[in-house]
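Participant: Got a structure for you, written out below as structure tokens; questions coming shortly.
Number of protein chains: 2
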Amino acid sequence: MTDTSPNRPAKRGRPGYDLESLLAVAVKLFNERGYDGTSMEDLSRKLGITKSAIYHHVPSKQELLRLAVNRALDGLFAEVDKLDTVEGRAIDRLEHLVRGSVAVLADQLPFVTLLLRVRGNTKVERDALARRREFDHIVTDLAGKAIADGDLRADVDPATAARLLFGMVNSLIEWYRPRGGLRAPELADMVATVAFDGLRVRPEA
Amino acid sequence: MTDTSPNRPAKRGRPGYDLESLLAVAVKLFNERGYDGTSMEDLSRKLGITKSAIYHHVPSKQELLRLAVNRALDGLFAEVDKLDTVEGRAIDRLEHLVRGSVAVLADQLPFVTLLLRVRGNTKVERDALARRREFDHIVTDLAGKAIADGDLRADVDPATAARLLFGMVNSLIEWYRPRGGLRAPELADMVATVAFDGLRVRPEA
DNA sequence: TTAATAACCGTCCATTCGGTCAGTTAGCAA
DNA sequence: TTGCTAACTGACCGAATGGACGGTTATTAA
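In order, the protein sequence lines correspond to chains A and B.
Residues in the first sequence are numbered from 1 upward in steps of one, following the UniProt record's numbering.
Residues in the second sequence are numbered from 1 upward in steps of one, following the UniProt record's numbering.
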């Protein structure tokens, strides 16, 4: 989807990585080995340039992390903003948010993956966690309204419903790979179906 | 549940940590900061002993990880073994496994948490991932049989069903804390209900 | 009182870590 | 051909890392 290869045509200056192409490689490596488990040496080796060359593009290792997680968060909050245009009951808006989140997850998989693994060791990580909590709060509110509407099971409290729902959504990062046969819309269908209607086949009336 | 405090009564030798109590602190810290993000210095400070004292109990940092993830895996496979005694259809056995896994997760939360975050950087981690895949394979087989029985939706393939199901189960480590009001059996009920019957309220016939 | 046991300390080490800095090189436009 | 821009190199640094090692201290059983 995004061109991440070095030496792409028609640019000023010496060809090579720019911030974008470098970030793509970095995030991929962070996801493979973990952020703390990846040294700048490791990254430079993977890039095929020296460690100091990385610092031409980015002032610190943490900045790479910051750029990545914010990209994921911006994508997710863009889906939240889209909800304003969605008419209908809370459960429908909730389903929209689920589908939107699956779409962001599929489209920005490496960034979302990194986001969901952040632990809170540094300020960058804590800021990311704060924005994640903000997102979770929005989901919980929607679940609460859907329960009040009588559309979502009342034997599960809103916070738990939100957590189970997005627990399932977020678990996609563990196995979904866009290159496989399954496309994002079909994936979103599956998740929405299973989450809202369950895995069990119900005897028809 | 398990006594993890140092200086418990009636033991030989100088009182202090033994492997068990040390491991508990280590795993907790690993979960807070990440395995790679936790140095042996960090751990020694948390323990209140010197770094070298740790190496009296354990030969390496990786050994701590190995002990922890194997404890989690042993718990999960014990639940698999229990399935032999369960009569009934595949979907019932699958539900048993879900409930059993939730129980293990709740009882051995720190160990399971650490297990689910392993990336595969070292041999210890790769071995853990291999055992996890073995577990996943068992779940997928069960899902396949349940679909063949006509009990699980046929519009989701077995592997995806297994992944969504245990994606939801495993996401519990992100928020479930045993000290809260919710007990493990009630938690298992909720997860099983939501996963198999969905979050949506269905109009009664 | 004396072993045996088991936890612990202080010091040290080679390596790796994230990061700095002064210079170099490759392509483009004028 | 000359600037200009932007990517890159190599040598270096102080701090932190996982771990080794020889000696010490607190407790219980005989």
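All residues carry an ideal CB built from backbone N, CA and C; glycine is no exception.
It should be emphasised that the depicted structure is a prediction, and the values quoted were computed from it without experimental measurement.
In the structure shown, what three-state DSSP assignment does V191(B) receive?
Facilitator: DSSP places V191(B) in helix when its eight states are reduced to three.
Participant: Of all the options L187(B), K51(B), V139(B), which has the alpha carbon lying nearest to the alpha carbon of A161(B)?
Facilitator: Looking at the Cα atoms, V139(B) is the closest of the given residues.
Participant: Kindly provide the ranges of any alpha helix (DSSP H) runs that are 4 or more residues long and lie completely inside the region 52-121 of chain B, ordered along the chain.
Facilitator: Within the region 52-121 of chain B, the complete alpha helix (DSSP H) runs of at least 4 residues are 61-82, 90-107, 109-115.
Participant: Is the shortest distance between the beta-carbon of R153(A) and the beta-carbons of chain B less than 8 angstroms?
Facilitator: Chain B, which has a Cβ nearer than 8 angstroms to the Cβ of R153(A), makes this yes.
Participant: Write down the C-beta distance between A182(A) and V102(A) rounded to the nearest angstrom, noting that I regard them as a contact closer than 8 angstroms.
Facilitator: For clarity, residue 182(A) is Leu in the given sequence; the question names Ala instead. 11 angstroms between Cβ atoms; not a contact.
Participant: Which residues bound the alpha helix (DSSP H) around K145(B)?
Facilitator: From DSSP, the alpha helix (DSSP H) with K145(B) extends over 123-148.
Participant: Which of the three DSSP states, helix, strand or coil, is assigned to L152(B)?
Facilitator: Three-state result, L152(B): strand.
Participant: Compare the C-beta of M40(B) with all C-beta atoms of chain A and state if any pair is closer than 8 angstroms.
Facilitator: Chain A contact via Cβ: absent.
Participant: What are the residues in the region 58-75 of chain B lying within 9 angstroms of chain A by C-beta distance?
Facilitator: Hits within the stretch: zero.
Participant: How many angstroms separate the CA atom of S39(B) from the CA atom of K28(B)?
Facilitator: If you take the alpha carbons of S39(B) and K28(B), they lie about 13 angstroms apart.
Participant: Along chain B, which residues have their Cβ under 7 angstroms away from the Cβ of V194(A)?
Facilitator: Residues of chain B passing the Cβ test: V156, L164.
Participant: How about D36(B): is its C-beta nearer than 8 angstroms to some C-beta of chain A?
Facilitator: It does; some Cβ of chain A falls within 8 angstroms.
Participant: Do W175(B) and R163(A) have their beta-carbon atoms positioned less than 8 angstroms apart in this structure?
Facilitator: The answer is yes: Cβ separation under 8 angstroms.
Participant: Which residue from D127(B), L165(B), G16(B) puts its Cα closest to that of A53(B)?
Facilitator: Among D127(B), L165(B), G16(B), the Cα nearest to that of A53(B) is on G16(B).
Participant: Residues of the region 170-181 of chain B with a CB closer than 8 angstroms to any CB of chain A: list them in chain order, please.
Facilitator: Flagged, chain order: N170, S171, L172, E174, W175.
Participant: Kindly indicate the opening and closing residues of the alpha helix (DSSP H) around T160(A).
Facilitator: Start and end: 158-170.
Participant: Does R132(B) have its Cβ less than 8 angstroms from a Cβ in chain A?
Facilitator: Judged by the 8 angstroms Cβ criterion, R132(B) is not in contact with chain A.
Participant: Is it buried or exposed for L199(A), if we count other Cβ within 10 angstroms and need 16 for buried?
Facilitator: Label assigned to L199(A): buried.
Participant: Just the Cα atoms here: how many angstroms apart are V58(A) and D18(A)?
Facilitator: Whole-angstrom Cα-Cα distance: 10 angstroms.
Participant: If you drop the 5 nearest sequence neighbours on each side, which residues of the same chain put their C-beta closer than 8 angstroms to that of R71(A)?
Facilitator: So the qualifying residues of the chain are Q108, F111.
Participant: Take P185(A) as the anchor and find which of D136(A), G144(A), R99(A) has the nearest alpha-carbon.
Facilitator: Answer by Cα proximity: R99(A).
Participant: By Cβ distance below 8 angstroms, which residues in the same chain neighbour R153(A) in space, the five residues on each side in sequence not counted?
Facilitator: I147, A161, listed in sequence order.
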